[in-house]
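These notes concern the structure reproduced below.
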Amino acid sequence: MTRDMVLRVVAKLLIPFILLFALYVQFHGDFGPGGGFQAGVILAAAMVFYAVIFGLDNARKVLPDRLVETMVAAGVLLYLGVGAAGLLLGGNFLDYFVLAADPVAGQHRGIFWIELGVAITVCGVMLKVFYLFAGRGPEEEQ
Amino acid sequence: MNLAAHLPALQVVLPLAAAPLAVLLRGRGAAFMLVTLAAWAAFAVSILLWLQVNASGPISYALGSWAPPWGIEYRVDSLSALLLMLVCGIAAVVLPYARASIERELRQDVHYLFYAMFALCLAGLAGIAITGDAFNLFVFLEISSLSSYVLIALGRDRRALVAAYQYLIMGTIGATFIVVGVGLLYLKTGTLNLADMGVRLQEMTSHRPVLAALAFLTVGISLKLALFPLHQWLPNAYAYAPSAVSAFLAATATKVSVYALLRFYFSVFGETAVFKRLPMEDLMLILALAGMFVASAVAIFQHDLKRLFAYSSVAQVGYIVLGISFDSVTGLTATIAHLVNHAVTKGGLFLLLGAVMAGMGGTTLARVHGIGRVMPLTAFGIVLCGLGLIGVPGTAGFVSKWYLILAALEKGQWWLVFLIVASSLLAVAYVWRFVEAAYFHAPRADLAAVREAPAGLAIPAWTLVGATIWFGLDTSVTVGSAARAAAMLLGTGAP
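As you go down the protein sequences, you meet chains A and B in turn. The opening position of the first sequence corresponds to residue 10 in our numbering, with each subsequent residue numbered one higher. The opening position of the second sequence corresponds to residue 713 in our numbering, with each subsequent residue numbered one higher.
Here you go:
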């Protein structure tokens, strides 16, 4: 599809907005519908779109396999890190109340990092699945 | 920070954190060290929790400091403490074995993923046993199930993929039924906390949605615990999975599902609702007996030892459910004690079969001819575990069958005693198939030079064989804990 001018231009125009929308969904999750899971899926969708138009090899240059696998693990670790922070600051596991001087501010801070962890892992898993399917050459199928 | 107060959280968090760290480290040596350390630490935590529960009663832990019933509660009582110790203990024994075993059975570049999946499976199973929240229980069930599908699919045999897929379909149907059941209960009670649900359900146990929830949960969990005739996924899954995975899943996965069933029946719906108003006693009795006899009979005609002992697992689930069907303290004691006894015996057996696989290159009966001569220790270990499955005095299996018989006599069902003994004779028959192949045939010419299994495989396996004998002689831990847990479930003893 590399010679298809319309698709390439539209993709280049749309992808920044998709990424921006993902960030909006991510940060608006605190006040309305949205959150880390949806944002992670939208981020991954932007990458899948890029890979479909510009090819899997280019996509792998942007987000290498190794980085995607790290994302899968890092998001979970961030989530667990927030839980452990609650422990270290004298609360129970996943206790957001103790994360800031004001308990309500602590809840905001806690869910911010938790949702970030969710977004990273969900995006990583979606891309990992996509890479695994898209990277399957015909020679492997025998 | 007082670590002792946070043991319930650490119980799940330690293995859960080990999984992503193993992925990040990538090295198979580092991943092995990390996950093994996490499993040992989790085992230590479970022992501490067990001691704490025995000394001062149940422990409640509010995740995120949201008090139950609003927040998610981790609750450790005498039943969950025993299950946690079983799951973490088996993981602590199987992991050192896994290193030497997957070296032979798995491609090197997937080793770190194997350890990560193993850690996730352990976290999920421990989570089911510790959580006091119905939806959390479902989530942990999914964590343990999804990771076990992957672990089974890693098997060297290509049929492992089909087996894992079959388990995935059956397991997903089971999980769907469970979540429908939990949803109906949430609809009726407005709470997800298991203890709170139990209190609120007392006045409405005859309502239609509650009965439907009971039916959905019974079928869903029965699929997961492989109650006859919902056991179709089990033989292939155990037979084609990597040896270490067969041992771990055979010893823990179905046992934790039995725990979930006990939890829903006795702590949520209540004994009267399940057993006094519905014909559940008869239903479970019939299914348990059918499982004991049909699965044992099918086991006799298997050609592969792993499949043979997988069918034997279905039969042993029959004994476990038979204990539940008595609806008495003695019956439940037998059930819970058999959970532990069978886990230890079957775990040891599958570990030894892994050693056979490593030595003889397969586990078909034709291939293990004369194994008593070339691998005498391994063969002897399998015979000892086989005696445990039959229930010979001096092994763990005898203790649980003794309590089953006591429970049957208590109810005046003396005919059941004959059936229990008769099904044990079927076990004699399928264990004899191995004995005959091992001791009364000459080894195949190309396998005559096989040596005994290396220490990395033998030591963990013999730890569990030793435990089978130990629990047959000293029953203070197994039957003692089981009796306390049974009394708690039926509300006749201290919690």
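Heads up, the beta-carbon is just placed ideally off N, CA and C, and yes, glycines get one too.
Contacts that residue 124 (chain A) makes with chain B (C-beta to C-beta distance below 7 Å): Here the premise fails: no neighbours, minimum Cβ distance about 15 Å.
query: Is it the case that the Cβ atoms of residue 1003 (chain B) and residue 940 (chain B) are separated by a distance below 8 Å?
result: yes
field: Spatially closest choice to residue 84 (chain A) from B:732, B:927 and B:746, by CA coordinates
entry: B:732
- request: Alpha carbon to alpha carbon, how far is residue 938 (chain B) from residue 944 (chain B)? Give it in angstroms, no decimals.
  value: 8 Å
field: Per DSSP, cross-strand counterpart(s) of residue 771 (chain B)
entry: B:788
- prompt: Taking Cβ positions only, does residue 115 (chain A) come closer than 8 Å to chain B?
  reply: no
message: For residue 905 (chain B), list the residues DSSP reports as bridge partners.
response: B:845
message: Which of the three DSSP states is assigned to residue 1076 (chain B) in this structure?
response: strand
field: Distance cut-off 7 Å: residue 960 (chain B) Cβ against heavy atoms of the ligand ZN
entry: Among the ligands in the structure shown, none appear at all, so the ligand ZN cannot be discussed.
- request: For the stretch 1159 to 1172 of chain B and the stretch 1024 to 1036 of chain B, state whether three or more C-beta atom pairs, one from each stretch, are separated by less than 8 Å.
  value: no
- request: Spatial neighbours of residue 1191 (chain B) within its chain, please: CB distance less than 8 Å, with the 5 preceding and 5 following residues excluded, ordered by chain position.
  value: 1045, 1049, 1111 and 1115
query: Taking the alpha-carbon positions, what's the residue 1091 (chain B) to residue 864 (chain B) distance?
result: 25 Å
message: Going by DSSP in three states, residue 74 (chain A) sits in which element: helix, strand or coil?
response: helix
task: Select from the stretch 92 to 110 of chain A all residues with a C-beta closer than 9 Å to any C-beta belonging to chain B, and list them in chain order.
output: 92, 93, 95, 96, 97, 98, 99, 100, 101, 102, 103, 104, 105, 106 and 107
query: Cα separation between residue 1102 (chain B) and residue 1136 (chain B)?
result: 5 Å
field: Contact list for the stretch 811 to 833 of chain B against chain A, Cβ threshold 9 Å
entry: 828
- request: Give me the Cα-Cα distance between residue 1062 (chain B) and residue 1024 (chain B), rounded to the nearest whole angstrom.
  value: 12 Å
query: Under 8 Å, do residue 729 (chain B) and residue 89 (chain A) count as touching if we go by C-beta distance?
result: yes
- prompt: Using CA coordinates, which residue listed in B:773, B:1011, B:769 and B:804 is at the minimum distance from residue 748 (chain B)?
  reply: B:804
message: Just to confirm the assignment: which complete alpha helix (DSSP H) runs, minimum length 4, are found wholly within the stretch 1001 to 1045 of chain B?
response: 1008 to 1012 and 1017 to 1038
Residue-level contact to chain A via CB, residue 977 (chain B), 8 Å cutoff: no
query: What residues in the stretch 786 to 815 of chain B have a beta carbon less than 8 Å from any beta carbon of chain A?
result: none
8 Å Cβ cut-off: residues of chain B touching residue 77 (chain A): Chain B residues near residue 77 (chain A): none, gap ~11 Å exceeds 8 Å.
message: Quick check on residue 124 (chain A): buried or exposed, where buried means 16 or more other Cβ atoms within 10 Å of its Cβ?
response: buried
message: Judging by CA-CA distance, which residue of B:888, B:754, B:984 and B:825 is the nearest neighbour of residue 839 (chain B)?
response: B:754
- prompt: When we look at the beta-carbon of residue 914 (chain B) and count the other beta-carbons within 10 Å, is it buried (16 or more) or exposed?
  reply: exposed
- prompt: DSSP on residue 954 (chain B), reduced to helix/strand/coil?
  reply: coil
query: For residue 776 (chain B), which residues in chain A fall below 7 Å Cβ to Cβ?
result: 101, 103, 104 and 105
- request: Give a yes or no on whether the minimum CB-CB distance between residue 60 (chain A) and chain B is below 8 Å.
  value: no
- request: Just the chain C side, please: which residues come within less than 9 Å of residue 733 (chain B) by C-beta, in chain order?
  value: Looking at the structure shown, chain C is missing, and the protein chains on hand are A and B.
query: Is the stretch 811 to 821 of chain B in contact with the stretch 973 to 981 of chain B, if contact means three or more CB pairs nearer than 8 Å?
result: no
task: Quick one: which unbroken alpha helix (DSSP H) runs of 4-plus residues sit fully inside the stretch 808 to 846 of chain B? Chain order, please.
output: 823 to 842
Cβ pair count under 8 Å reaching 3, the stretch 849 to 863 of chain B against the stretch 829 to 838 of chain B: yes
field: Reference residue 1052 (chain B); option with closest CA among B:797, B:1175 and B:717
entry: B:797
query: Does DSSP put residue 723 (chain B) in a helix, in a strand, or in coil?
result: helix
field: chain B contact residues for residue 89 (chain A), given Cβ-Cβ distances below 7 Å
entry: 725, 728 and 729
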